[in-house]
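Q: Each residue of the sequence shown is one higher than the last, beginning at 41 in this note's numbering.
Glycine included, C-beta positions come from ideal geometry on N, C-alpha and C.
Since this is a predicted model, take the numbers as computed values, not measurements.
Could you have a look at this structure, given as structure tokens, before my questions?
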Amino acid sequence: MTQADTFTRSCEHWSDARRAGMEAFYELARADYRYLAEAYDWTGAFRSLAARGAGLRLADIACGSGKFPEALLAHTPLAGIENQQVAYDLLDPSPFSLQEARQVLAPPFRAGAGFCCTLQDWEAEAARYDVVWATHALYCVPAEELEPALAVLCRALSPEGFGFIAQGLRDGHYVGFYDHFRASLRAGQGTPYSDGTQVEAALRKAGMHVVSRELRYTTVVPAGREELLETYLQRCAFDDTVGLAEMTRHEPLAGYLDSCRDAATGEHRFPQRVAMILFSHSGSGHAPAER
Numbered sequence: 041m042t043q044a045d046t047f048t049r050s051c052e053h054w055s056d057a058r059r060a061g062m063e064a065f066y067e068l069a070r071a072d073y074r075y076l077a078e079a080y081d082w083t084g085a086f087r088s089l090a091a092r093g094a095g096l097r098l099a100d101i102a103c104g105s106g107k108f109p110e111a112l113l114a115h116t117p118l119a120g121i122e123n124q125q126v127a128y129d130l131l132d133p134s135p136f137s138l139q140e141a142r143q144v145l146a147p148p149f150r151a152g153a154g155f156c157c158t159l160q161d162w163e164a165e166a167a168r169y170d171v172v173w174a175t176h177a178l179y180c181v182p183a184e185e186l187e188p189a190l191a192v193l194c195r196a197l198s199p200e201g202f203g204f205i206a207q208g209l210r211d212g213h214y215v216g217f218y219d220h221f222r223a224s225l226r227a228g229q230g231t232p233y234s235d236g237t238q239v240e241a242a243l244r245k246a247g248m249h250v251v252s253r254e255l256r257y258t259t260v261v262p263a264g265r266e267e268l269l270e271t272y273l274q275r276c277a278f279d280d281t282v283g284l285a286e287m288t289r290h291e292p293l294a295g296y297l298d299s300c301r302d303a304a305t306g307e308h309r310f311p312q313r314v315a316m317i318l319f320s321h322s323g324s325g326h327a328p329a330e331r
């Protein structure tokens, strides 16, 4: 049987049948979104946009199960903004994801339109959105499709709005692990994940004003949680056909996993390196300030 490629497998994992694996993954990965929520003054940015007097529109690209808006509502004062509503549109090729993300939205976010498609196939209205974002969302967009896909996103952004993309870098766990996985278990076959450097380059080629900084932190899997470790790694590769034992038998993946294991504690400590990219048409958009 031919192994399904990266994008196809990722879509299969966003389904109710794979919910257990998704929830186990987010036992660890929920923190990814908390760090992003705490990195900027999102409340100030939305207040600045609202000061223009018009209603706000936002598009969440490859929204997944809505972990970023969930983190914003839980870890920032955004929920306390008075007399403001943000029409929150969702885009994802998985109907399951659209349903899951819609359920987490709460004021000031108001569920808007849902688009069940890829970013590449989105027929976005020009200059419709004050904010567009994609958080840990574009890994399965092949490198050769990044430029046209992000051109769609830029076209949808209003002249005074801002965009935000969080994307792992190649020397961080998410992208680096999958490179090792393909090399070790798929003979190098399969589409690599796109990384933050490639995303930033594509945005610049689209003529956007870009400001990027790197977020570093560590995902820790406690000792003795082999089942959690296995499920987390399978989700990182969108492949639950390969168990932990097999991963540790093939190089270079085995060496990478061993390098991430703390011999003293038995913990696995995975280094995360994430590009946090703010972009706008002119640099005058009301982008959030660092916190």
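What are the start and end residues of the alpha helix (DSSP H) that includes residue 254?
A: Walking along the sequence shown from the start, residue 254 turns up at place 214. From DSSP, residue 254 is part of no alpha helix (DSSP H) but of the beta strand (DSSP E) over 249-261.
Q: Thinking C-alpha only, which one of 290, 318, 67 is nearest residue 254?
A: Here residue 254 corresponds to residue number 214 of the sequence shown, with the count starting at 1. The candidate whose alpha carbon is nearest that of residue 254 is 318.
Q: What does the alpha-carbon distance come out to for the pair residue 239 and residue 176?
A: Walking along the sequence shown from the start, residue 239 turns up at place 199. Walking along the sequence shown from the start, residue 176 turns up at place 136. Computed Cα separation, rounded: 12 Å.
Q: Buried or exposed for residue 107, going by 16 or more other Cβ atoms inside 10 Å?
A: Walking along the sequence shown from the start, residue 107 turns up at place 67. With 16 or more Cβ atoms within 10 Å of its Cβ, residue 107 is classed as buried.
Q: Kindly confirm or deny that the segment 277-294 and the segment 65-75 touch, where touching means at least three C-beta pairs closer than 8 Å.
A: Verdict: no, contact absent.
Q: Let me know if residue 292 comes out buried or exposed under the rule of 16 or more other beta-carbons within 10 Å of its beta-carbon.
A: In the sequence shown, residue 292 corresponds to position 252, counting from 1. Classification for residue 292: exposed.
Q: Quick check: what's the CA-CA separation for residue 90 versus residue 269?
A: Position 50 of the sequence shown, counted from the start, is the residue given in the question as residue 90. Position 229 of the sequence shown, counted from the start, is the residue given in the question as residue 269. So the alpha carbons of these two residues sit roughly 43 Å apart.
Q: Looking only at DSSP bridge pairs, what is residue 311 linked to?
A: What you label residue 311 is simply residue 271 of the sequence shown in a count that begins at 1. Partner(s): 258.
Q: Applying the 10 Å Cβ sphere with the 16-neighbour rule, what's the burial state of residue 267?
A: Taking the first residue of the sequence shown as position 1, residue 267 is located at position 227. Exposed.
Q: Could you check what DSSP says for residue 279 in three-state terms: helix, strand or coil?
A: As a working mapping, residue 279 is identified with position 239 in the sequence shown. It is coil, neither helix nor strand.
Q: Mind the definition here: the segment 141-151 touches the segment 195-204 only if three or more C-beta pairs lie below 8 Å; say whether that holds.
A: Taking 8 Å as the limit for Cβ pairs, the verdict is that the segment 195-204 does not touch the segment 141-151.
Q: Taking the beta strand (DSSP E) that residue 173 falls in, what are its first and last residues?
A: Indexing the sequence shown from 1 puts residue 173 at position 133. Start and end: 169-175.
Q: Looking only at its own chain, which residues have a Cβ that is under 6 Å from the Cβ of residue 287, when we skip the five neighbours before and after it?
A: Numbered from its first residue, the sequence shown carries residue 287 at position 247. Excluding residues within five positions, the ones whose Cβ falls inside 6 Å are 293.
Q: DSSP three-state call for residue 124: helix, strand or coil?
A: The residue given as residue 124 occupies position 84 in the sequence shown. In the structure shown, residue 124 sits in coil (DSSP, three-state: anything other than H, G, I, E or B).
Q: Which residue from 134, 173, 77, 109 puts its Cα closest to that of residue 320?
A: Locating residue 320 in the sequence shown gives position 280, where the first residue counts as 1. Considering only alpha carbons, the answer is 173.
Q: Using 8 Å as the Cβ pair cut-off and three pairs as the minimum, do the segment 67-82 and the segment 129-144 touch?
A: Contact between the segment 67-82 and the segment 129-144 is absent, because fewer than three Cβ pairs lie under 8 Å.
Q: First and last residue of the beta strand (DSSP E) that includes residue 151?
A: Here residue 151 refers to the residue found at position 111 when the sequence shown is read from its first residue. Start and end: 149-155.
Q: Rank 283, 299, 155, 161 by C-alpha distance to the C-alpha of residue 216 and give the top, closest one.
A: In the sequence shown, counting from the first residue as 1, residue 216 sits at position 176. Looking at the Cα atoms, 299 is the closest of the given residues.
Q: Answer with buried or exposed for residue 129, where buried requires no fewer than 16 other C-beta atoms within 10 angstroms of its C-beta.
A: In the sequence shown, counting from the first residue as 1, residue 129 sits at position 89. Residue 129 should be labelled buried.
Q: From residue 214 to residue 167, what does the alpha carbon distance come to, in whole angstroms?
A: For the purposes of this step, residue 214 is taken as residue 174 along the sequence shown, with counting starting at 1. For the purposes of this step, residue 167 is taken as residue 127 along the sequence shown, with counting starting at 1. Their Cα atoms are separated by approximately 32 Å.
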